[in-house]
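Protein chains in written order, with the numbering used here: chain D, 200 to 471; chain G, 25 to 312.
Note that beta-carbon positions come from the ideal geometry of N, C-alpha and C, so glycine has one too.
Everything below concerns the one structure shown next.
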Amino acid sequence: MSSSEITQAAAGTGTVPAGSVRLDHVTHRYGRGGEAFTAVGPVDLTVPDGEFLVLVGASGCGKSTLLRLIAGFEQPTQGSVLVSGGRPRPGETAGVVFQTPRLFPWRTVRGNIDVALRYAGVDRGQWPERRRELLTRVGLEGTENRRTWEISGGQQQRVAIARALAAENPLLLLDEPFAALDALTRERLQEDVRRVADLTGRTTVFVTHSADEAVFLGSRIVVLTRSPGTVALDLPITLPRGDVDAEELRGSQEFAELRAEVAHAVKAAAAA
Amino acid sequence: MSTTPALLKPDDRADVIPEPRVHARGGWTRVRHVALPFGSLLLFLALWHLLAASGTWSETLVPPPAKVWDAFIEVSGTHGGVRGYNGTTLVEHLGISLRRIALGAGVGITAGVVFGLLMGTVGWLRSLFEPWITFLRTLPPLAYFSLLIIWLGINEEPKITLLAVAAFPPVAVSTTTAVAAVPKSLTEAARALGASRWDVVRDVVVPSALPETLTGIRLAVGVAYSSLVAAELVNGLPGIGGMVKDAANYNNTPVVLVGIIAIGVSGLIIDGLLLRLERTVVPWRGRA
């Protein structure tokens with residue numbers, strides 16, 4: 200594994216940093232006996248805290264399953280998953296953004312944020328301020344009183360991101376969150392997620408099938424093989440982060456080369 | 025209709041079609057929603073009057089509308105020293121019955137919601153209770169009314185119990201189905217935000233099941249309403265169903281009809297109110 204150095208580095212410090220993820224020989228099977236289907240594995244992967252890891256692979260390669268394992272929604276059939284040094288627990292160890300917004304239609308935008316703040320144990324007196332802060336961070340000022348079906352798909356996904364950020368978990372998991380959006384909205388949201396991740400410095404694991412999206416977002420890209428997914432390529436991305444011009448970045452030579460490399464690796468991994 | 029020519033002669037006004045069409049459609053909507061129902065009511069009354077006047081049947085079988093109207097006036101107040109029907113006015117009869125329905129259906133609906141929530145969330149409870157509820161649902165209320173009278177006597181208890189038993193199954197069934205059908209995507213989203221089991225029930229399961237539960241409640245009130253006359257068959261006076269039953273004993277067809285119309289109209293009004301409540305309480309219906 201090319202990540203072994205990082206694994207050792209993390210193990211050597213004694214205390215495990217919040218937000219780090221460690222997968223040891225993780226395999227996940229759906230079903231039992233003769234009908235069992237191995238979706239993932241074996242996968243060894245270590246994500247140090249603060250990293251923006253993008254998992255890329257063709258449809259059905261098990262990348263969503265891998266994310267669900269890290270979120271704690273599924274338990275590995277074999278191996279172990281550790282988040283911040285402990286077993287992942289839904290709602291406690293990571294914030295999750297799904298493929299669809301999954302907003303509660305019986306609550307307004309405000310209500311959807313507030314319920315997340317309540318679950319996060321935020322003091323009620325701080326809700327208005329924290330809500331404003333979260334909505335501003337995802338560019339949704341002034342939509343508080345809207346019903347979830349009155350806002351666009353992109354705005355709905357922004358609410359979902361704000362909701363996932365409410366608990367301030369050191370780890371944020373996103374499962375192809377922009378797949379259903381139009382290209383323009385997708386690019387804007389990518390820029391926002393990149394900015395938010397840089398700003399908050401929290402560990403992020405982002406699943407996508409798009410090489411373009413992966414290169415733009417990730418500080419590291421892991422390409423998965425066809426099902427059962429295993430690591431085919433582990434690539435650090437050294438594109439500038441922080442305050443950068445997104446257009447310039449997307450237009451750069453380096454970006455184009457990386458995108459070609461990742462796209463090629465995804466195709467090769469899917470065919471293998 | 026002044027707007028119909030535009031539709032009948034499209035050739036003449038081909039250049040301005042969109043405008044008159046919109047008008048015509050608006051007019052047609054008004055016709056359909058107001059004039060047609062009202063017209064059909066008038067037509068019905070006219071046919072009824074003609075049928076009664078033709079003398080095909082005796083007045084005891086088919087009294088003319090005017091006779092029914094007279095009966096309505098008579099039972100609505102005090103005339104010639106006689107107060108309403110059997111000493112109670114129509115509104116009072118109706119009020120007493122509505123109170124019985126409110127009590128009975130209230131108990132049945134509450135029990136139905138509780139059972140539905142439990143059965144929808146706990147699989148083995150559903151297996152345990154569902155056959156009994158299905159059995160109960162297939163029984164016409166009159167079938168168990170005799171039993172209720174043996175057990176509970178002839179006063180308020182059997183009537184209210186009957187209405188409760190009749191209202192219970194629709195709510196229990198619809199709530200169970202709705203709770204069992206709560207989208208896993210939403211319960212998972214709540215869990216991902218840190219919701220406890222109880223949080224999930226309160227914030228996701230209940231609101232998600234609410235639209236269908238309210239439909240069940242509307243059905244239950246309807247069933248309770250249609251069981252009203254049955255519930256008031258024995259010792260039902262005062263009460264609108266009891267009034268109908270009693271009037272029938274004396275071949276007093278006009279009062280029977282007044283009672284039937286009162287039950288029907290008040291039922292429609294209550295259903296309309298419930299429908300309105302449903303729209304206000306669950307604006308997200310069909311949007312999830």
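- Message: Three Cβ pairs or more, each shorter than 8 Å: is that satisfied between the stretch 240-257 of chain D and the stretch 425-432 of chain D?
- Response: Yes, since at least three Cβ pairs between the stretch 240-257 of chain D and the stretch 425-432 of chain D fall closer than 8 Å, the two stretches touch.
- Message: By the DSSP assignment, the beta strand (DSSP E) with D:R228 in it spans what residues?
- Response: Position 29 of the first sequence, counted from the start, is the residue given in the question as residue 228 of chain D. Where D:R228 is concerned, the enclosing beta strand (DSSP E) stretches over 220-229.
- Evaluate the contact criterion for the stretch 241-257 of chain D versus the stretch 390-406 of chain D: three or more CB pairs, one atom per stretch, below 8 Å. Judged by Cβ distances under 8 Å, the stretch 241-257 of chain D makes contact with the stretch 390-406 of chain D, as three or more pairs qualify.
- Item | Cβ shell of D:W348 (< 8 Å), same chain only, five flanking positions each side left out | Counting from one through the first sequence, the residue named residue 348 of chain D turns up at place 149. Cβ contact annotation for D:W348 (same chain, cutoff 8 Å, sequence separation greater than five): P304, in chain order.
- Query: D:Q298 by DSSP, collapsed to three states: which one?
  - Reply: Locating residue 298 of chain D in the first sequence gives position 99, where the first residue counts as 1. Coil at D:Q298, not helix or strand.
- Query: Within this structure, are the beta carbons of G:A254 and G:F169 separated by less than 7 Å?
  - Reply: As a first step, residue 254 of chain G is located in the second sequence; it is residue number 230 there, counting from the start. As a first step, residue 169 of chain G is located in the second sequence; it is residue number 145 there, counting from the start. Yes, Cβ-Cβ distance for G:A254 and G:F169 is below 7 Å.
- Query: In chain G, what lies closer than 7 Å to D:W305 by C-beta?
  - Reply: Within the first sequence, numbered from 1, the residue matching residue 305 of chain D stands at position 106. Correct list: P231, W308.
- Task: For D:T245, write down the residues that DSSP places opposite it in a beta bridge.
- Result: Taking the first residue of the first sequence as 1, we reach residue 245 of chain D at position 46. According to DSSP, which records beta bridges pairwise, D:T245 is partnered with D:R221.
- Could you round the C-beta distance between G:K269 and G:L281 to whole angstroms and report it? I think they count as a contact, below 8 Å. Residue mapping note: residue 269 of chain G aligns to position 245 of the second sequence, counting from 1. Residue mapping note: residue 281 of chain G aligns to position 257 of the second sequence, counting from 1. At roughly 14 Å, the Cβ-Cβ gap does not stay under 8 Å, so G:K269 and G:L281 are not in contact.
- What is the rounded straight-line gap between the Cα of G:S209 and the Cα of D:A363? In the second sequence, the residue the question calls residue 209 of chain G occupies position 185. In the first sequence, the residue the question calls residue 363 of chain D occupies position 164. Cα to Cα, G:S209 sits roughly 15 Å from D:A363.
- Neighbourhood of D:L302 by C-beta, 7 Å cutoff - its chain only, sequence neighbours within 5 removed: Counting from 1 along the first sequence, the entry for residue 302 of chain D is found at position 103. For D:L302, where only same-chain residues beyond five positions count, the Cβ hits under 7 Å are N311, T347, Q355, V358, A359.
- Item | Nearest to G:V138 (by Cα), restricted to the options G:L299, G:A196, G:A77 | Counting from 1 along the second sequence, the entry for residue 138 of chain G is found at position 114. Checked all of G:L299, G:A196, G:A77; the closest Cα to G:V138 is G:A196.
- Using 7 Å as the limit for Cβ to Cβ distance, is D:G417 near chain G? Within the first sequence, the letter at position 218 stands for residue 417 of chain D. No, D:G417 does not count as interfacial toward chain G.
- Item | Contacts of G:R215 in chain D (Cβ-Cβ under 7 Å) | Walking along the second sequence from the start, residue 215 of chain G turns up at place 191. Ordered by position in chain D, the residues that pass the 7 Å Cβ test against G:R215 are P289, G290.
- G:W72 to G:D94, Cα distance in whole Å? For the purposes of this step, residue 72 of chain G is identified with residue 48 of the second sequence, where counting begins at 1. For the purposes of this step, residue 94 of chain G is identified with residue 70 of the second sequence, where counting begins at 1. In this model, G:W72 and G:D94 are separated by some 16 Å (Cα to Cα).
- Can you check the stretch 104-175 of chain G for any alpha helix (DSSP H) of at least 4 residues that lies completely inside it and give the ranges in chain order? As far as the stretch 104-175 of chain G is concerned, its whole alpha helix (DSSP H) runs of at least 4 residues are 114-145, 147-162.
- Task: Could you tell me the boundaries of the alpha helix (DSSP H) in which G:F192 lies?
- Result: Here residue 192 of chain G is taken as the residue at index 168 of the second sequence, counted from 1. First-last of the alpha helix (DSSP H) with G:F192: 180-204.
- Query: Which one or two residues does DSSP pair with D:D433 in a beta bridge?
  - Reply: Residue numbering aside, residue 433 of chain D sits at position 234 when the first sequence is read from its first letter. According to DSSP, which records beta bridges pairwise, D:D433 is partnered with D:V421.
- Query: For the stretch 150-163 of chain G against the stretch 271-281 of chain G, are there 3 or more C-beta pairs whose distance is under 8 Å?
  - Reply: no
- Message: Strictly below 7 Å CB to CB, what residues from chain G border D:R357?
- Response: Within the first sequence, the letter at position 158 stands for residue 357 of chain D. Going along chain G, no residue has its Cβ under 7 Å from D:R357, so there is no contact; the nearest lies around 15 Å.
- When the Cα of G:A216 is compared with those of D:L434, D:E273, D:R221, D:G261, which residue comes out closest? Taking the first residue of the second sequence as 1, we reach residue 216 of chain G at position 192. Nearest option by C-alpha distance: D:E273.
- So what does DSSP say about G:P44, is it helix, strand or coil? Along the second sequence, one-based indexing puts residue 44 of chain G at 20. Here G:P44 scores only 47 on pLDDT, less than 50, and its place in the model should not be relied on; the value that follows carries that caveat. G:P44: helix per DSSP, three-state reduction.
- Item | Enclosing beta strand (DSSP E) for D:Q277 [first to last residue] | Working through the first sequence from its first residue, we reach residue 277 of chain D at position 78. Where D:Q277 is concerned, the enclosing beta strand (DSSP E) stretches over 277-282.
- Message: Measuring CB atoms only, is the stretch 288-297 of chain D touching the stretch 450-457 of chain D, in the sense that at least three cross pairs come out at less than 8 Å?
- Response: no
- Message: Beta carbons nearer than 8 Å to chain G: which residues of the stretch 326-354 of chain D have them?
- Response: R346, T347, W348
- Item | Cutoff 7 Å: D:V295 Cβ touching any chain G Cβ | Counting from 1 along the first sequence, the entry for residue 295 of chain D is found at position 96. By this cut-off, D:V295 is an interface position.
- Does the beta carbon of D:A319 sit closer than 7 Å to a beta carbon anywhere in chain G? Here residue 319 of chain D is taken as the residue at index 120 of the first sequence, counted from 1. Judged by the 7 Å Cβ criterion, D:A319 is in contact with chain G.
- Which of helix, strand or coil DSSP assigns to G:G101: For the purposes of this step, residue 101 of chain G is taken as the residue at position 77 of the second sequence. Residue state, collapsed to three classes: coil.
- Item | Test: D:R301 CB closer than 7 Å to a CB of chain G | To locate residue 301 of chain D, count along the first sequence from 1; it is residue 102. Interface residue, yes.
- If we count Cβ pairs, one from each stretch, closer than 8 Å, do we get three or more for the stretch 134-148 of chain G versus the stretch 200-208 of chain G? yes
- Would you kindly check if the distance between the Cβ of D:L222 and the Cβ of D:L244 is under 7 Å? One-based indexing of the first sequence puts residue 244 of chain D at position 45. One-based indexing of the first sequence puts residue 222 of chain D at position 23. Taking 7 Å as the cut-off, the beta carbon of D:L244 is found closer than this to the beta carbon of D:L222.
- Task: For G:R107, decide whether its Cβ has a neighbour in chain D, counting only Cβ atoms nearer than 7 Å.
- Result: The count along the second sequence starts at 1 and reaches residue 107 of chain G at position 83. Answer no: the Cβ-Cβ gap between G:R107 and chain D never drops below 7 Å.
- Task: Tell me whether the beta-carbon of D:A410 lies closer than 7 Å to the beta-carbon of D:R331.
- Result: Walking along the first sequence from the start, residue 410 of chain D turns up at place 211. Walking along the first sequence from the start, residue 331 of chain D turns up at place 132. No.
- Query: By the criterion of Cβ-Cβ separation under 9 Å, what are the contact partners of D:V314 in chain G?
  - Reply: Numbered from 1 along the first sequence, position 115 holds the residue referred to as residue 314 of chain D. Those are A214, L217, A219, D223, D227, listed as they occur along chain G.
- Just to confirm, are D:T264 and D:H227 a CB contact at a threshold of 7 Å? Counted from its first residue, the first sequence places residue 264 of chain D at position 65. Counted from its first residue, the first sequence places residue 227 of chain D at position 28. Cβ distance < 7 Å, so D:T264 and D:H227 count as in contact.
- Message: Determine, for G:R322, whether the minimum Cβ-Cβ distance to residues of chain D falls below 7 Å.
- Response: In this structure chain G extends from 25 to 312, so residue 322 of chain G is not present and cannot be described.
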